Each structure stands twice: as C-alpha cells, then as structure tokens.
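**Q**
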Amino acid sequence: MGAIPRWYTALSQVCSENPKFTNYALASIDITRGPPVPRVRNLVHRSFLCSSAQLPLLVSTTDIRTPKVKELLSISGSSDPNAELCWWIADALEQWRISGKLHILPHPDHPLLAQFPAQRLAPKEDEDGSDFEWEKERLKTFNEKMGGALRAWFAHELAPGSILESYDDVKQWPSTLPKSYEVEKGDEKTQKHMEEALKNFALLVMEPMVVERLEFTPIPNHRTKYERVGENWKETIIAP
1 MGAIPRWYTA LSQVCSENPK FTNYALASID ITRGPPVPRV RNLVHRSFLC SSAQLPLLVS
61 TTDIRTPKVK ELLSISGSSD PNAELCWWIA DALEQWRISG KLHILPHPDH PLLAQFPAQR
121 LAPKEDEDGS DFEWEKERLK TFNEKMGGAL RAWFAHELAP GSILESYDDV KQWPSTLPKS
181 YEVEKGDEKT QKHMEEALKN FALLVMEPMV VERLEFTPIP NHRTKYERVG ENWKETIIAP
C-alpha cells in the first residue's frame, strides 16, 4: 500500500492557506476535426477526493455539452495523460502543473457514464463516514460548491458555443436557480429548469499521473517532479 504523496500534502496546505486562488488553466489536444489543435480554458477547482491514500483526485465541473468533452474523450482510450492543468497560486509564489487522465462524470442517464471508472476511483467512504456514491458527490458539488447564477448556467437551452442572433437572446433564460432540494413544490417552471441543469451538469475528475511543483520563494527556486509508479510516487529534484 502506497503512502500519501508529499505533493498532495503540500498542495492541499497551499490551497488551504490561499483559498481565493481556485482557478487553473486546463490544456488538451483537439483531434475531433482533423490535425491536432491545442486547446486551453480556465476551470474552477471544486474539491479534492482521495480514491485511496496514494491517489488524490482533483474535481472541477463542466457542461456535458461543451466541446471540451468530445476533445477529452477523443484521446481518452490510451493509458497516457489526456490533459494537463497549470495552477498559479500568486500569494504563495507557486506554480503547479498536473498531467493525467481527466474523467467525465455525467448525469446517471447519460451514455457517457459507462466510460467513467466509478468503482476504481471511488473513495472507500464519504466525509460523514457513509458509503461513497458518485451521484451523491455530483449533487453535493452542484448544490454546495456553486452559486445560484452558475447553477442556472447549466439550464440554458443552447449548448455553450452555440451561435446567437443577439446578446439579448440569453435574457429569456433563467438567471439563478436554488439548490436542487430547495425547489418549492408546485413551482413547475423552476423544476423544469432544474431538471435541465442537472441533466447537463458534469464533474471533471483529474487522476494525476505527473505533478510538478515550482516554488519561487526559496532562492534559488525549488522545482520538484512527482511521477506515479504503481501505487507509489517517485520524487525527483529538477532544475528550475
């Protein structure tokens, strides 16, 4: 049994000390329409999950209709990483680069659910000691990790990237949604929007394979590389 990786201990501490730095850039390759094209976008870090002591997972979110879903799935068949994130935590003067397999957890009725390695990645238990359930985690993230405006974004009728006639087109869409368990009985309009939002809401679960930490506070700077080898992590000091 492997030990908790030192990179996770360090990163979780840095995040705890700098809670406002939740955004990272996610890079991938798009091979869905011909020659490979690099793609990058910003994501918000939602939480860490520990599949096991030696395998921490990074959780973010997306709309299942976004182009990045197809881009990520187009190169997800191999054992190699299909994405890399870069996380600049300014107040700590640290840059983190994490490459690995980015898995997509959609609504239970979505056909892509079959491709999510639920059993292999599932933690043994939830934070409260109960059995861990991926759908429970998806709903918890939707309700507790995001505000009403962002929840409503998933209820939009058109997929992100769709062509609009005018900026005013979006004014007819909901601007905010309550938590799923707070929808009032008989409010059919809000219930319909909620069903649409939950249908489109998905978790992005990063399974790290290689992690690099670059610390700018020490002089000379420190750069450390961690590579996953079986159930353990190989740690190497490299030139900054």
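FYI, our numbering numbers position 200 of the sequence shown as 200, with every residue one higher than the one before it.
Ideal Cβ placement from N, Cα and C applies to all residues, glycine included.
Since the model is a prediction, treat every value here as computed from it, not as a measurement.
1) Please report the residue range of the beta strand (DSSP E) in which Asn47 lies.
2) Can you tell me which residues form a DSSP beta bridge with Met206?
3) Does the count of Cβ pairs from the region 47 to 64 and the region 114 to 133 closer than 8 Å reach three?
4) Assign Ser60 to one of two classes, buried (16 or more other C-beta atoms within 10 Å of its C-beta) or exposed (fewer than that).
5) Given a cut-off of 7 Å, decide if Val44 and Ala27 are closer than it, judged by their beta-carbon atoms.
6) Considering only the alpha carbon of each residue, which of Asp30, Ile98, Pro35 lies closest to Tyr24?
7) Which term fits Phe201, buried or exposed, when burial requires 16 or more other beta carbons within 10 angstroms of its beta carbon?
8) Taking all protein chains shown into account, decide if Glu94 is buried (16 or more other Cβ within 10 angstroms of its Cβ) or exposed.
9) Can you give me the C-alpha to C-alpha distance between Arg6 and Ala92, rounded to a whole angstrom?
10) Put Arg33 into one of helix, strand or coil per three-state DSSP.
**A** Well, looking at it:
1) Before going further, note that residue 47 is Ser rather than Asn in the sequence given. Counting along the chain, Ser47 sits inside the beta strand (DSSP E) bounded by residues 47 to 52.
2) According to DSSP, which records beta bridges pairwise, Met206 is partnered with Leu58, Leu102.
3) Enough Cβ pairs lie closer than 8 Å, so yes.
4) With 16 or more other Cβ atoms within 10 Å, it is buried.
5) In this structure, Ala27 sits away from Val44, with a CB-CB distance that is not shorter than 7 Å.
6) When the alpha-carbon of Tyr24 is set against those of Asp30, Ile98, Pro35, the nearest one is in Ile98.
7) The C-beta of Phe201 has 16 or more other C-beta atoms within 10 Å across all chains shown, which makes the residue buried.
8) Taking all protein chains shown into account, Glu94 has 16 or more neighbouring C-beta atoms within 10 Å of its C-beta and is therefore buried.
9) When rounded, the distance between both Cα atoms is 17 Å.
10) Coil.
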